[in-house]
Amino acid sequence: MRFILRRLGFYIIAAWASLTINFFLPRLIPGDPASTIFASSRGQLRPEQLDQMRAALGLSKEPLLNQYFTYLSHVLRGDFGTSFSAFPAPVTAVIGNGFVWTLLLGGTALIISFILGNVIGIIGSWKRGGLIDNTLPPLLIFIGAFPPFFLALLALYFLAYQFNWFPHLHAYSDTIGTDFNLNFVGSVINHLILPATTIVLVTMGGWVLGMRNTMVGVLAEDYVTMAEAKGLTQRQIMFNYAARNALLPSITAFGIALGFVLSGQILVELIFSYPGLGYLLIKSVTSLDYPLMQALFLMITFAVLGANFIVDILYTRFDPRVRTG
Amino acid sequence: MRTGQIPIDVEVTAVGQVVPAPVVAPSGTGRLTWLRNLTRNRKALLGFCIVIFFVLVAIFAPLIAPGDPTSYVSRPNLAPSAQYIFGTEGQGKDVFRQTVWGARISLTIGFATGALTTFIGLLIGLSAGYFRGKIDDLLSLIMNLFLVIPGLPLLVVISAYLRPSLWTIVLALAFTGWAWPARIMRSQMLSLREKDFVSASIVSGESNARIIFLGILPNMASIIVGSMIGSVNYAIGTEAALGALGLTNVSDVSWGTNLYWAQNNAGLFVGAWWTFIPSGLCIAFVAFGLSLLNYGMDEITNPRLRAERDLNDVLKDRTLRNIRATPVVRRSH
Chain A
1409 MRFILRRLGF YIIAAWASLT INFFLPRLIP GDPASTIFAS SRGQLRPEQL DQMRAALGLS
1469 KEPLLNQYFT YLSHVLRGDF GTSFSAFPAP VTAVIGNGFV WTLLLGGTAL IISFILGNVI
1529 GIIGSWKRGG LIDNTLPPLL IFIGAFPPFF LALLALYFLA YQFNWFPHLH AYSDTIGTDF
1589 NLNFVGSVIN HLILPATTIV LVTMGGWVLG MRNTMVGVLA EDYVTMAEAK GLTQRQIMFN
1649 YAARNALLPS ITAFGIALGF VLSGQILVEL IFSYPGLGYL LIKSVTSLDY PLMQALFLMI
1709 TFAVLGANFI VDILYTRFDP RVRTG
Chain B
401 MRTGQIPIDV EVTAVGQVVP APVVAPSGTG RLTWLRNLTR NRKALLGFCI VIFFVLVAIF
461 APLIAPGDPT SYVSRPNLAP SAQYIFGTEG QGKDVFRQTV WGARISLTIG FATGALTTFI
521 GLLIGLSAGY FRGKIDDLLS LIMNLFLVIP GLPLLVVISA YLRPSLWTIV LALAFTGWAW
581 PARIMRSQML SLREKDFVSA SIVSGESNAR IIFLGILPNM ASIIVGSMIG SVNYAIGTEA
641 ALGALGLTNV SDVSWGTNLY WAQNNAGLFV GAWWTFIPSG LCIAFVAFGL SLLNYGMDEI
701 TNPRLRAERD LNDVLKDRTL RNIRATPVVR RSH
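Top line first, the protein sequences correspond to chains A and B. In terms of this note's numbering, the first sequence opens at residue 1409 and continues consecutively. In terms of this note's numbering, the second sequence opens at residue 401 and continues consecutively.
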C-alpha cells in the first residue's frame, strides 16, 4: 500500500510538472502564438483582433503568477477553451473522439506485440542456438532499426497503394454509417491491420530480446533444476517456473512501452490518417490551433501517467517483494 | 640477496614514511581493453563501417553529388535513370543530391545532440550518484519526470512555438533526451562509488571534482560511449520524425525533410517510390549501424553476454581464443 501511495504521489507531481511546462512554454519562448496566427492570416484579421486572440489563448498582461492560477483552475474544471480549427466545438469534445481511436490502435498493437514478443523470447531462450533463436532476434533488431514512420510509409505504399489489399486512410470506411453493427466492426478491423502491424513489427524486437536475456539468467536458477528433478513436463517448467519469474522486467517495461507507443504512434497515425490523438496533435500544430494542441499534449501525458500507474498496481500483485518495500 | 638492497622501489612520503612506490600499469592495457576488443567484434565492426560510410558521404557531399540540392533540375517525378540515378522528386529536384546532402544536417544534428545529451546526462547522473542523499532524491525525481512525460508529443509542442533552426532542434532534442543517459550514469556511479579506490581517495583528502573526473570517469568510458551511441541514434530517429512531420525547418535539406516533401508532393499517390525510399533507407541503415555498434559494445563489456558468446563457440565446436568465463553447457533439452 505504501508503495502504491508513493507512486501515486510521483504521478501527481508528474501531472503537475507537465501542466506547468504546458503553461510556461508559450510564455517563455520568444514570439507569441497570437502574432503567429495574425501573421499567417495574411491580412484577414484586423490588428484590433490581435488582443482578442491573446485573450482567447489566455495570454493577458496580468502578472504571470495570476495567469498561472487562472490556468490551473480552468484545467481542474476540465475547461480547455474552444478549438480554433473546429470552432465552436470545445476542445474536450474533439479530444474525446480521438482518444477512443488512439486507445484502440495503441492498445491492440501493444498487447499483440507484448504477447508475441515474449512468447518468442521464451521459446528462443529455451532452445538457445536453435532456429528461432538464431533467425528471429537479429531480423527483428533490423526491422526495429527502421523508423516507425518509414515502415508505415512502405506498408502504405506497397500494400495499400500498389496492391490495394488494405484501405488507405481513416479508421473506418467513409461510405458506411457509424452504427454499431457487423459491417462497421469489420471495416474498423480492416483499417486497423496495417497501422497496428507496423507498430507491432517495430516494437516486438525489444520484447524478444529483453525476455530472452532474462530467461537465460532464470534458467540457471536452482529452482529450475529442482523442477526438472521433480520430473515436471518441459512446458510446465518453461511457463510456470522460468517464464513466470522472467516476466517481471517485461511488466516494468510495459509502462515505458506504453509511453513509447503513444509517442511513436503519432507518426503512424499521421501517415495512415488514423484519427487518433497523435493525428489531431499534428493537425492542431499545422492549423495553429493552440488550445487544442495544449490540451492534446496534456491528454497524451495523462494517459501515459495513468497507464504507468495501473502497471505499478499490477506489479504489486505479480511481485510480492515490492508490497513490503 | 645482498643486504642494503631493497627488492622493490620505495618512495618516502611527506611525513617520512617509507612506502612501496605505486606500480604503473603498462599503457594501452587495462582500462581500454574494451576499445581494442571492439575492433575484433564482428557486429561492432560492421556497425562502425556503416556509420563511417555515412559520415564520409556527409563530409564529401560536394564531391559525390556536386550541385545545389535545392535547385530544380528537370521535370518532376522522373523515375531513376542514368542521368538522375535516384530520379527527381515532386518539384523536379534531384533526389540523389538531396539524399547525399541530407546526410549532412541529419548527422550533424545526431552527433551534436548525442554529445550534448551525454554531457548533461553525465553532469546530472554523476552528481546524483556521487553525492547521494537529498541531491540524489531531487535529481532522480527530475530524471523520472522526464522519463515518464512522453518525449515526442513534448517535442511537437516545443517546435510549434519555436522557430525551428538546426540548433533549436538540437537543444529541444537534448531537453527531452537527457534523462535516460543520466539514469544509466547514476546507477553506474552508485556502484563505482562503493569501490575501495574511491574510499581511499576520499580518505586521502582528494577533492570531489578530482575523484569524479580523474578517478571514476575513466572507469565509465565504455558506458559513456555506449550511451552516447544510443543518444545519437535517438537524435537521428527523432529528427527524422520531426522532419517528416514538417516541424523542422522545411527549407533545409535533411533526410527527415526529404520524407516530408515526398509525402507533401503526393509521392505515394503518383507511385514515385524513389522520392521517399532513399532517405528512409539511409535513416534505417544509420540506425541499424549504431544499434550493431551498441550490441557489439554490450557483448564485450557485459560479462554475462561475453560468457554466452564463449558458450556458443563451444556449442559450435569452435576453438576458443581467450576464455574469460567458464562456459557451462546444458544438454538436457
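From the three backbone atoms N, C-alpha and C, an ideal C-beta is built for every residue, glycine too.
Inset, instruction - Please say whether Leu-659 of chain B and Phe-676 of chain B have beta carbons closer to each other than 7 Å? - result: For the pair Phe-676 of chain B and Leu-659 of chain B, the CB atoms are nearer than the 7 Å cut-off.
Legend entry - Chain-order list of residues whose beta-carbon lies under 6 Å from that of Ser-599 of chain B (same chain, five-residue window excluded): Answer for Ser-599 of chain B: no residue qualifies.
Legend entry - CB contact flag (Ala-574 of chain B, Thr-518 of chain B, <7 Å): Not in contact: Ala-574 of chain B and Thr-518 of chain B (Cβ atoms no closer than 7 Å).
Inset, instruction - Count the CB pairs spanning the segment 1515 to 1523 of chain A and the segment 1620 to 1640 of chain A that are closer than 8 Å, and state whether there are at least three. - result: In the pairwise beta carbon analysis, the segment 1515 to 1523 of chain A is classified as not touching the segment 1620 to 1640 of chain A: fewer than three pairs are separated by under 8 Å.
Legend entry - Cβ contact check for the segment 485 to 500 of chain B and the segment 459 to 473 of chain B: 3 or more pairs under 8 Å: Below 8 Å, enough C-beta pairs join the segment 485 to 500 of chain B and the segment 459 to 473 of chain B to call them touching: three or more.
Inset, instruction - With a threshold of 16 other CB atoms inside 10 Å of the CB of Pro-1763 of chain A, please say whether the residue is buried or exposed. - result: Absent from the model: residue 1763 of chain A. The displayed extent of chain A is 1409 to 1733, so no value can be given.
Legend entry - CB contact flag (Ala-672 of chain B, Asn-477 of chain B, <7 Å): Going by beta carbons, Ala-672 of chain B and Asn-477 of chain B fall inside the 7 Å limit.
Inset, instruction - Mind checking who Thr-701 of chain B pairs with in its DSSP beta bridge? - result: Its beta-bridge partners do not exist; DSSP assigns none.
Inset, instruction - Along the alpha helix (DSSP H) that carries Arg-1725 of chain A, what are the first and last residues, could you check? - result: Annotation for Arg-1725 of chain A: the continuous alpha helix (DSSP H) segment containing it runs 1698 to 1726.
Inset, instruction - Drop a sphere of 10 angstroms on the beta-carbon of Leu-1609 of chain A, count the other beta-carbons inside from all chains shown, and report buried for 16 or more, exposed for fewer. - result: It counts as buried.
Legend entry - Residue from B:Gly-615, B:Ala-482, B:Leu-507 and B:Gly-577 whose Cα sits closest to the Cα of Leu-552 of chain B: For the residues B:Gly-615, B:Ala-482, B:Leu-507 and B:Gly-577, the minimum Cα distance to Leu-552 of chain B belongs to B:Gly-577.
Legend entry - Where the segment 1697 to 1711 of chain A meets chain B: residues whose CB sits under 7 Å from a CB there: Closer than 7 Å at the C-beta level to chain B, one finds these residues of the segment 1697 to 1711 of chain A: Met-1701, Phe-1705, Ile-1708 and Thr-1709.
Inset, instruction - Using 6 Å as the cut-off, classify the Cβ of Met-697 of chain B as near or not near the heavy atoms of the ligand GDP, replying yes or no. - result: Absence of the ligand GDP from the depicted structure is noted, as is the absence of any ligand whatsoever, leaving it without description.
Inset, instruction - List the residues that DSSP assigns as beta-bridge partners of Tyr-472 of chain B. - result: For Tyr-472 of chain B, DSSP records a beta bridge to B:Lys-493.
Inset, instruction - Measure the alpha-carbon distance for Val-1624 of chain A versus Ala-1650 of chain A and round it to whole angstroms. - result: Per the coordinates, the alpha-carbon of Val-1624 of chain A lies some 9 Å from the alpha-carbon of Ala-1650 of chain A.
Inset, instruction - Using alpha carbons as the reference points, say which of A:Phe-1558, A:Arg-1725 and A:Ala-1661 lies closest to Leu-1617 of chain A. - result: Looking at A:Phe-1558, A:Arg-1725 and A:Ala-1661, the one whose alpha-carbon comes closest to that of Leu-1617 of chain A is A:Ala-1661.
Inset, instruction - In angstroms with no decimal places, state the Cα-to-Cα distance between Leu-1713 of chain A and Arg-586 of chain B. - result: Going from the Cα of Leu-1713 of chain A to the Cα of Arg-586 of chain B covers about 23 Å.
Inset, instruction - State the CB to CB distance for the pair Met-589 of chain B and Ile-616 of chain B, rounded to an integer number of angstroms; the pair is presumed to be in contact (CB under 8 Å). - result: Correct: roughly 7 Å between the Cβ atoms.
Inset, instruction - Would you mind working out which of A:Gly-1489, A:Arg-1414 and A:Leu-1627 sits nearest Val-1499 of chain A, comparing C-alpha positions? - result: Of all alpha-carbon atoms in A:Gly-1489, A:Arg-1414 and A:Leu-1627, the one lying nearest the alpha-carbon of Val-1499 of chain A is that of A:Gly-1489.
Legend entry - Chain-ordered chain A contacts of Trp-673 of chain B [CB-CB under 7 Å]: Proximity of chain A to Trp-673 of chain B at the Cβ level (cut-off 7 Å) is accounted for by Tyr-1565, in chain order.
Inset, instruction - Would you verify that the beta carbon of Val-1632 of chain A is, or is not, closer than 7 Å to some beta carbon of chain B? - result: Under the 7 Å criterion on CB atoms, Val-1632 of chain A is classed as non-interfacial with respect to chain B.
Legend entry - Same chain, Cβ closer than 8 Å to Tyr-484 of chain B, five either side skipped, listed in chain order: Here the set comprises Val-473, Ser-474, Leu-478, Asp-494, Val-495 and Phe-496.
Legend entry - Other residues of its chain near Cys-449 of chain B: CB distance less than 8 Å, five sequence neighbours each side excluded: Non-local C-beta neighbours of Cys-449 of chain B in its own chain, meaning closer than 8 Å and more than five positions away in sequence, comprise Gly-689, ordered along the chain.
Legend entry - Three-state secondary structure (DSSP) of Thr-1641 of chain A: Three-state result, Thr-1641 of chain A: coil.
Inset, instruction - Rank B:Leu-642, B:Phe-486, B:Val-451 and B:Gly-447 by C-alpha distance to the C-alpha of Ala-465 of chain B and give the top, closest one. - result: Of the candidates B:Leu-642, B:Phe-486, B:Val-451 and B:Gly-447, the one whose C-alpha sits nearest the C-alpha of Ala-465 of chain B is B:Phe-486.
Legend entry - is_contact[Phe-575 of chain B, chain A] using C-beta, thresh 7 Å: It does not: the Cβ of Phe-575 of chain B has no partner Cβ on chain A nearer than 7 Å.
Inset, instruction - Mind reading off the beta-carbon distance from Tyr-1673 of chain A to Gly-1686 of chain A? Whole number of angstroms is fine, and I expect it under 8 Å. - result: This sequence places Gln at residue 1673 of chain A; Tyr is not what is there. Here Gln-1673 of chain A really is in contact with Gly-1686 of chain A; their C-beta atoms are around 5 Å apart, less than 8 Å.
Legend entry - Asp-1459 of chain A to Gly-643 of chain B span [Cα, whole Å]: Between the alpha carbons of Asp-1459 of chain A and Gly-643 of chain B lies a distance of about 32 Å.
Legend entry - Buried/exposed call for Gln-1570 of chain A, threshold 16 Cβ in 10 Å: Exposed is the call here.
Inset, instruction - Let me know the secondary structure DSSP gives Thr-648 of chain B once reduced to three states. - result: Coil.
Inset, instruction - Excluding the 5 residues preceding and the 5 following Phe-1717 of chain A in the sequence, name in chain order all residues of the same chain whose CB lies nearer than 6 Å to its CB. - result: Closer than 6 Å at the Cβ level, and outside the excluded window around Phe-1717 of chain A, lie Tyr-1419.
Inset, instruction - Please confirm if the segment 631 to 641 of chain B is in contact with the segment 655 to 670 of chain B, defined as three or more CB-CB distances below 8 Å between the two stretches. - result: As far as the Cβ criterion goes, the segment 631 to 641 of chain B touches the segment 655 to 670 of chain B, which means the pair count is three or higher.
Legend entry - Beta carbon of Ala-503 of chain B nearer than 7 Å to that of Ala-458 of chain B: Their beta carbons are under 7 Å apart, which means Ala-503 of chain B touches Ala-458 of chain B by this criterion.
Inset, instruction - Just mark Met-1701 of chain A as buried or exposed, buried being the case when its beta carbon has 16 or more other beta carbons within 10 Å. - result: Result: buried.
Inset, instruction - Take Thr-1606 of chain A and list the residues in its own chain whose beta-carbon comes closer than 6 Å to its own, dropping the five residues that flank it on each side. - result: Cβ neighbours of Thr-1606 of chain A beyond the five flanking positions: Leu-1559, Ala-1560, Ala-1563 and Val-1676.
Inset, instruction - Identify whether Pro-1556 of chain A lies in helix, strand or coil by the three-state DSSP scheme. - result: If DSSP states are grouped into helix, strand and coil, Pro-1556 of chain A belongs with the helices.
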